[in-house]
Amino acid sequence: MVYRLLFIFSFLFLVSYSSIAQVKPPNQDSLRYSAFETYSQKKKVTRFLHKLIFKPLKPKTSDIDKKKAKASKSYRKVEGKVVRTIHVSTFDPFGYYVQDTTLKPESFYLKAANSLHIKTQAGIIKNLLLFKENETFDSLLVRESERLVRSQKYLRDVRFYTVATAANSDSVDVIIYTYDVWSIIPELNISPSFVETGITDNNFAGLGHQFHADRKWKLNDTPNTTRLGYYVPNISNSYISSNVRYIFTGKSDSLKSIELKRTFHTPLTKWAGGVFLGQMKTAQNYIHNDTIYQLHSRVNEQDYWGARSWQVLKKYSADAPVSNYILSARILRLSYPQQHPDALAANLFNNQTGFFAGIGFTSRKYIRDKLIFDFGKVEDVPVGQAFGLTFGLDVQKTKRLYFGAKAALGNYYSFGYLSAHLEYGSYVGANSFQQGALTSRINYFTKLITIGNWKIRQFVKPTVIVGLNRLATDNLTFNEDMEGFEKLAYSATSMMVLTLQTQSYSPWNLIGFRFGPYIFSSFGMLGNGTSGFSHSRLYTVLGLGMLIKNDYLMFSTFQLSMSFYPYIPGDGYNIFKTNSFQTSDYGFRDFEISKPGIVVYR
-12 MVYRLLFIFS FLFLVSYSSI AQVKPPNQDS LRYSAFETYS QKKKVTRFLH
38 KLIFKPLKPK TSDIDKKKAK ASKSYRKVEG KVVRTIHVST FDPFGYYVQD
88 TTLKPESFYL KAANSLHIKT QAGIIKNLLL FKENETFDSL LVRESERLVR
138 SQKYLRDVRF YTVATAANSD SVDVIIYTYD VWSIIPELNI SPSFVETGIT
188 DNNFAGLGHQ FHADRKWKLN DTPNTTRLGY YVPNISNSYI SSNVRYIFTG
238 KSDSLKSIEL KRTFHTPLTK WAGGVFLGQM KTAQNYIHND TIYQLHSRVN
288 EQDYWGARSW QVLKKYSADA PVSNYILSAR ILRLSYPQQH PDALAANLFN
338 NQTGFFAGIG FTSRKYIRDK LIFDFGKVED VPVGQAFGLT FGLDVQKTKR
388 LYFGAKAALG NYYSFGYLSA HLEYGSYVGA NSFQQGALTS RINYFTKLIT
438 IGNWKIRQFV KPTVIVGLNR LATDNLTFNE DMEGFEKLAY SATSMMVLTL
488 QTQSYSPWNL IGFRFGPYIF SSFGMLGNGT SGFSHSRLYT VLGLGMLIKN
538 DYLMFSTFQL SMSFYPYIPG DGYNIFKTNS FQTSDYGFRD FEISKPGIVV
588 YR
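Position 85, counted from 1, in the sequence shown is what our numbering calls 72; the numbers after and before it change by one each time, with no gaps.
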């Protein structure tokens, strides 16, 4: 509602300004906005509202920054030189621009907003780099470092520059500019059944850490829920992350865990691994002699894994994919201390140990693009291939072998970007395959299509999950692949979902407002092992929305949308849902092979 009021207010201001203008300015958005900005300064009230809502016009690029941009276009000229110094400058969220780093916010309101924000520490950015001072300049390491820095949620923009220390010098300086986003996000959800409040800080104390806390008060007899979490993405340049979580509901259910993990965060990483320790207390229903019983349990989980990669070639150029052979191993233990006798009789809560080993091949790199999932921001698109085999042994009361295979391909083609991920896995019992799963996930989007002054991109996301010889309790739902069907009660072991989204970027400009109308649709079916999909209803979601962006607004992008459900089980027919404030999250799937395990079935 606030966004709507701000938009209406801005529109009325434009109309007021246009009605008094004697001579129309050139048809350029920046000139219109400049005139509007000048007009708003004439009165104290309009000046206050303008500073509160709008950013000032972006400055012209200075000669110094033009030289820096020119110097950064090609790293080949400085390849092999010695990195003399690495200088990092971090900037607050409001009033700073990539185009001219010499300008600072002058508005009292921008300064006040920045004063409430703790700026990212320069040392945190340096800890993300894969190169150091007094080392030889390697363009591949520098580009990967830039990608890793840009991937941090607490940054909105990143720039790397190289500057020669002197003419014909054998050394070079690396200059890095990073621009923060406002990192503190309050939460408030109110419904007839619960009230939820919380807070998330994606850049706690300027350290790049993430802190989260929320509390859900349920307005019925069910217990309240509290969630706490603290995440450190990179411990002292090691790229080892730590994650601590604590969730409790009433006195019977709780989850507490700690995890240390290092992934193959770049194709150049040699070692990966992790340790997870957790404990969960919960209650589970079971049926015995046509009577429903409830058992409380406590499960301790220990998960240890490690992986090693070997580069196929010792040296790669910055533009070529890096290929690796990978070996991995894992031990997963689930134990149920103080088992209740009824659990033993019902064959519930059995201790379990899993041993896994994996072998694989990956070849991957990243290509920069824009206007995909993040409006206007540089995005690193993974391209490459991955192939892997997984072997396992599951030890419970009996022993079962496990076998899995994975294949993934993705690249830019003449018709757009296409990636496909195919996985198969199954336990092998004494006489048959058990609890198998076959999954196929495809992501496709076209190149930017130009129609007149419009830009359009089409997204297609098919997902297929097929369960093979699953247990009666292994029921599939649509989950995040197709939201809105939480009440669907259908015994399913297979699922198909097709999601389509047409995203446009219009030429319309209204004092810097740019509009991106989009339409989307999802179609899903559930099947079981007996009849497949032949008796499944086709569930459908249709919707439309508007992506709205303004470079002058502090909150740069927001969305309005409406969805239509012809039928939702448990709710009825012809149901509308509005304002999800998000489009379908297609996302990228990387071509990484690391932690071995069973195929995810959900």
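Ideal placement from N, C-alpha and C gives every residue a C-beta, glycine not left out.
Neighbourhood of residue i by C-beta distance below 6 Å, restricted to the same chain and skipping five residues each side
i	result
leucine 97	Phe81, Gly82
arginine 232	Gly216, Ser244
tyrosine 554	Tyr560
serine 509	Met469, Thr486, Val528
aspartate 290	Phe263, Leu319
isoleucine 169	What sits at residue 169 in the sequence shown is tryptophan, not isoleucine. For tryptophan 169, where only same-chain residues beyond five positions count, the Cβ hits under 6 Å are Pro80.
alanine 407	Leu396, Ile429
leucine 242	Ile234, Met267
leucine 591	Given a span of -12 to 589 for the chain in the structure shown, any question on residue 591 remains unanswerable.
glutamine 595	Residue 595 lies beyond the range of the chain shown here (-12 to 589); nothing can be said about it.
Residues that DSSP places opposite residue i in a beta bridge
i	result
valine 231	Tyr217, Ile245
serine 296	Ile313
threonine 480	DSSP lists no partner for threonine 480.
valine 286	Met267
threonine 601	Residue 601 is absent from the model: the chain starts at -12 and stops at 589.
tyrosine 526	Gly511
tryptophan 258	Arg295
methionine 549	Leu531, Thr565
serine 322	Asn287
isoleucine 555	Gly559
asparagine 338	Partner(s): none; asparagine 338 has no beta bridge.
asparagine 398	Leu405
Which of helix, strand or coil DSSP assigns to residue i
i	result
isoleucine 580	coil
aspartate 144	strand
alanine 407	strand
phenylalanine 95	helix
arginine 589	coil
valine 129	helix
alanine 192	coil
lysine 113	helix
serine 59	Any answer about serine 59 is weak, because its pLDDT of 43 lies below 50 and its placement is not dependable; what the coordinates show is given next. Helix, per DSSP.
valine 447	strand
lysine 64	helix
valine 370	strand
proline 210	coil
arginine 457	coil
phenylalanine 432	strand
leucine 468	Rather than leucine, the amino acid found at residue 468 in this sequence is aspartate. Aspartate 468 falls in the helix class under three-state DSSP.
Residue i burial status per 10 Å Cβ neighbour count (16 or more: buried)
i	result
leucine 142	buried
asparagine 190	buried
tryptophan 292	buried
arginine 589	exposed
phenylalanine 95	exposed
tyrosine 400	exposed
leucine 135	buried
glutamate 473	exposed
histidine 522	exposed
glutamine 383	exposed
tyrosine 119	Going by the sequence as given, residue 119 is lysine instead of tyrosine. Classification for lysine 119: exposed.
leucine 525	exposed
lysine 146	Contrary to the premise, residue 146 reads as arginine rather than lysine in this sequence. By the neighbour-count rule (16 or more Cβ atoms within 10 Å), arginine 146 is buried.
glutamine 422	buried
leucine 463	buried
glutamine 86	exposed
isoleucine 438	exposed
glutamate 131	buried
lysine 357	exposed
glutamate 174	exposed
glycine 532	buried
aspartate 167	buried
Cut-off 8 Å between Cβ atoms - residues of its own chain near residue i, not counting five sequence neighbours on either side
i	result
leucine 67	It is worth fixing the name first, because residue 67 is glycine in this sequence and not leucine. Cβ neighbours of glycine 67 beyond the five flanking positions: Thr123, Phe124.
serine 223	Asn114
arginine 355	Val365, Glu366, Asp367, Val368
Own chain residues within Cβ distance below 7 Å of residue i, not counting five before or after
i	result
valine 447	Tyr431, Leu487
phenylalanine 575	Val368, Pro369
phenylalanine 342	Ile318, Gly379, Leu380
| request: Please confirm if the segment 357 to 373 is in contact with the segment 389 to 397, defined as three or more CB-CB distances below 8 Å between the two stretches. | output: yes
| Do the segment 512 to 529 and the segment 472 to 482 make contact, defined as three or more Cβ pairs closer than 8 Å? | yes
| Counting Cβ pairs, one atom from each stretch, are 3 or more of them under 8 Å apart for the segment 420 to 427 and the segment 446 to 463? | yes
| request: Flag this pair as touching only if the segment 151 to 160 and the segment 180 to 199 have three or more C-beta atom pairs under 8 Å; answer yes or no. | output: no
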